[in-house]
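Protein chains in written order, with our numbering: chain S, 1 to 646; chain C, 1001 to 1091. Ideal placement from N, C-alpha and C gives every residue a C-beta, glycine not left out. As structure tokens, the structure follows; a few thoughts come after it.
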């Protein structure tokens, strides 16, 4: 044994229990980051087994290896180019046919692999019995039955995997298509074999016939003549079948998957529908589904925010009680003020604002997603979300945005394509969060009237619909409707959920905290250097002339970047009174709250944006929203003056 | 008399059909590949290939998505997509 370091990738459909297996394999030795240059999550971990250091890479849950989503592209590039020593294909035994469609594509990639036939217990409950030996023979790869939550088969799986790697030279079998397609594939592979490519020739041949754009462009660079041949062969297949070659091959592959599934499984459906089936019918019911959803989400929402509110208050009391101790130790010189106000207060803001909400949010999100309820909510809300250019899945992050934009942005990764993720994240940052609500209710609600506060929410929703639609039209790429599997309800695996929550939280802290600290340091520095008033003066053409606000509000707008409720607190401090009616007229209050509502995602949210979308897009959204808020604020100010109703 | 060939979206709850083809609106018919390719490929990758039997379990209200039973699994597809999948209704 010379090679002590091996890499194993986990691949499979979404919701097949892949992450549970990943967690059992890697325990606490995992790291969650992004794929280089991509906003797709990459989970890695290590374990030690029989003298080997095994790196486990958890590939995204996908249904195919085409180029529909970045996840699919990443997965196939990873398998073909990075060449892991082995791929463990996690298969849901209760939905065998669909899962085998993916397995067949992995086999086509000619990578050494093992199939983990997972959730055999669930399959059994559905009356599905699978002959593992038979499946193994047909596929030509080892098949290990597993029940991930109770760790059944995990050791076996790892042992088989290592055995295969040790043996080396496993000759993978491959899927045989119908004769007329098979001939063309063979003919094409012979030509492709002569070209140097990082992929198996047969796979390239199949992909070319399928019309895969990425592979096509690679071939175009090396040997464009091949494409002429592809065109000819594809044309022949099309004339035989009367469908496009892409369709024919996909159909054929599903045909094979279906045949195998029928061959190896026996189905005896249970006499009466099981509990989870009845639960599905109830939760997607035309009438009952909606009140149930409202009750469910409201209680989740309430749970998250009462926990967050309580913990946030508690933590902030604890931290601020340390302030006198700090100043007694370090005095109140410039440096001490910078450290406390700039660095430590930034940390405190991060800990007290983001974490108390983020932790329960992640926990709930994973529970809802893992159990399968999230897909039912998406099913019910799809139509409404389409009105703003999104689809059903975006509803959850959007709703969470009303509490805090940070988890909402991070939650947008449940969207499939990059385009949708960007759209959803953008829309979410426009949703008024709890801190914004403090300003809206505390200023407009308390001093102008509740109906005016409500009007602000209505304006915001209208803006969300309009901007959402505009972004939907403007963004390049293909709009995708909802296509999702609604897997059977199941009880989430507690350990996996907790670990996922913890590792995501850690990742967020690493990403966002430096930003929060730098942000608060800069603002504090400006304050210490007495730059705030000059800045307010510089801003006065906007604040005073365009928005009709007192110049001093410029300072509060700057502080609002840290956390939005600070704007109100700062306003009270700077004006020396909490009775805002004395210093602001109703129009000013309304405009002020409107601008606060729209003007910028706070620094923690910007941190989340950077994490999810990268610097460029985060910056663009931030700048856009500042400009937009100012423009809308000024227009509304003039309209209110004209209408003379406030 | 109902036609025998209908968009999937027009099937009643509990009815099944066999997929004939996936029709593109002009918006999706851009170029040889591009838009059309992605849209159609996505549906087919999820198992909605011509010749496949699908059963409509139910539709969400307010013209929401359609719940399907296909290839032993349960799928939800948006109504706009279901409008473009042509099926032969099975009696």
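Residue i: contacting residues in chain C (beta-carbon distance under 9 Å)
i	result
residue 485 (chain S)	1046, 1073, 1074, 1075, 1076
residue 383 (chain S)	1060, 1061, 1062, 1063, 1064, 1065, 1078, 1079
Residue i burial status per 10 Å Cβ neighbour count (16 or more: buried)
i	result
residue 1003 (chain C)	exposed
residue 226 (chain S)	buried
residue 321 (chain S)	exposed
residue 1029 (chain C)	Only weak support is given to the placement of residue 1029 (chain C): the predicted model assigns it a pLDDT of 41, under 50, and the value that follows is read from those uncertain coordinates. Classification of residue 1029 (chain C): exposed, given that the 10 Å Cβ count is below 16.
residue 26 (chain S)	buried
residue 275 (chain S)	exposed
residue 48 (chain S)	exposed
residue 18 (chain S)	buried
residue 328 (chain S)	exposed
residue 1090 (chain C)	exposed
residue 1073 (chain C)	buried
residue 261 (chain S)	buried
residue 263 (chain S)	exposed
residue 425 (chain S)	buried
residue 94 (chain S)	buried
residue 508 (chain S)	buried
residue 393 (chain S)	buried
residue 1026 (chain C)	Confidence at residue 1026 (chain C) is low in this model, with a pLDDT of 46, below 50, so the placement of that residue should be treated as unreliable; the coordinate-derived value is given next. Classification for residue 1026 (chain C): exposed.
Among the options, the one whose alpha carbon lies nearest that of residue i
i	options	result
residue 136 (chain S)	S:301, S:282, S:616, S:114	S:114
residue 238 (chain S)	S:217, S:211, S:460	S:211
residue 387 (chain S)	S:535, S:400, S:473, S:360	S:473
residue 202 (chain S)	S:183, S:214, S:220	S:183
residue 594 (chain S)	S:513, S:460, S:74	S:460
residue 951 (chain C)	C:1014, C:1023, C:1068	The requested residue 951 (chain C) does not occur in the structure, where chain C is confined to residues 1001 to 1091.
residue 158 (chain S)	S:21, S:108, S:204	S:21
residue 492 (chain S)	S:149, S:620, S:168	S:149
residue 162 (chain S)	S:151, S:7, S:518, S:618	S:7
residue 88 (chain S)	S:69, S:110, S:336, S:71	S:110
residue 674 (chain S)	C:1021, C:1016, C:1045, C:1080	No statement about residue 674 (chain S) is possible, as the shown extent of chain S runs from 1 to 646 and does not include it.
residue 542 (chain S)	S:632, S:482, S:513	S:632
residue 415 (chain S)	S:34, S:378, S:299	S:378
residue 598 (chain S)	S:219, S:638, S:630, S:317	S:630
residue 134 (chain S)	S:122, S:117, S:576, S:206	S:117
residue 396 (chain S)	S:417, S:428, S:638	S:428
residue 196 (chain S)	S:71, S:220, S:187	S:220
residue 614 (chain S)	S:40, S:646, S:398, S:14	S:40
Proximity below 8 Å, CB of residue i to CB of residue j
i	j	result
residue 156 (chain S)	residue 138 (chain S)	no
residue 412 (chain S)	residue 612 (chain S)	yes
residue 439 (chain S)	residue 345 (chain S)	no
residue 1042 (chain C)	residue 103 (chain S)	no
residue 229 (chain S)	residue 191 (chain S)	yes
residue 538 (chain S)	residue 602 (chain S)	no
residue 409 (chain S)	residue 357 (chain S)	no
residue 1019 (chain C)	residue 1050 (chain C)	yes
residue 16 (chain S)	residue 83 (chain S)	no
residue 1009 (chain C)	residue 482 (chain S)	no
residue 370 (chain S)	residue 497 (chain S)	yes
residue 448 (chain S)	residue 570 (chain S)	no
residue 86 (chain S)	residue 75 (chain S)	no
residue 249 (chain S)	residue 206 (chain S)	yes
Where residue i meets chain S, residues with beta-carbon distance less than 8 Å
i	result
residue 1081 (chain C)	481, 482, 483
Proximal residues of chain C, C-beta to C-beta of residue i below 8 Å
i	result
residue 379 (chain S)	1060, 1064, 1065, 1067, 1076
residue 284 (chain S)	1058, 1060, 1067
residue 258 (chain S)	1071
residue 246 (chain S)	1037, 1040, 1041, 1044
residue 373 (chain S)	Neighbours of residue 373 (chain S) on chain C: none; closest Cβ ~13 Å, over 8 Å.
residue 31 (chain S)	Correct list: empty, because the minimum Cβ distance to chain C is about 30 Å.
Contacts of residue i in chain S (Cβ-Cβ under 7 Å)
i	result
residue 1051 (chain C)	251
Neighbour list for residue i in chain S, Cβ cutoff strictly below 9 Å
i	result
residue 1091 (chain C)	Per Cβ cutoff of 9 Å: no residues; residue 1091 (chain C) is ~23 Å from chain S at best.
residue 1043 (chain C)	483
Proximal chain C residues relative to residue i, where beta-carbon distance stays under 7 Å
i	result
residue 599 (chain S)	In chain order: nothing, as chain C lies at least about 34 Å away.
Report task. Name, going along the chain, the residues of the segment 96-111 of chain S whose beta-carbon falls closer than 8 Å to a beta-carbon of chain C. Result -> 96, 97, 98, 101
Report task. Note down, in chain order, all residues in the segment 55-80 of chain S with a beta-carbon under 7 Å from any beta-carbon belonging to chain C. Result -> 63, 64, 66, 68
Query raised in the report: Using Cβ-Cβ distances below 8 Å, what residues of the segment 115-143 of chain S are close to chain C?
Result: none
Query - Contact list for the segment 1003-1021 of chain C against chain S, Cβ threshold 8 Å - result: 1021
Report task. Name, going along the chain, the residues of the segment 381-405 of chain S whose beta-carbon falls closer than 9 Å to a beta-carbon of chain C. Result -> 381, 382, 383, 384, 386, 391, 392
**Report entry** Residues from the segment 175-201 of chain S in contact with chain C, defined by Cβ distance under 8 Å
**Finding:** none
Query raised in the report: Taking a cut of 7 Å between CB atoms, which residues from the segment 226-246 of chain S lie near chain C?
Result: 243, 246
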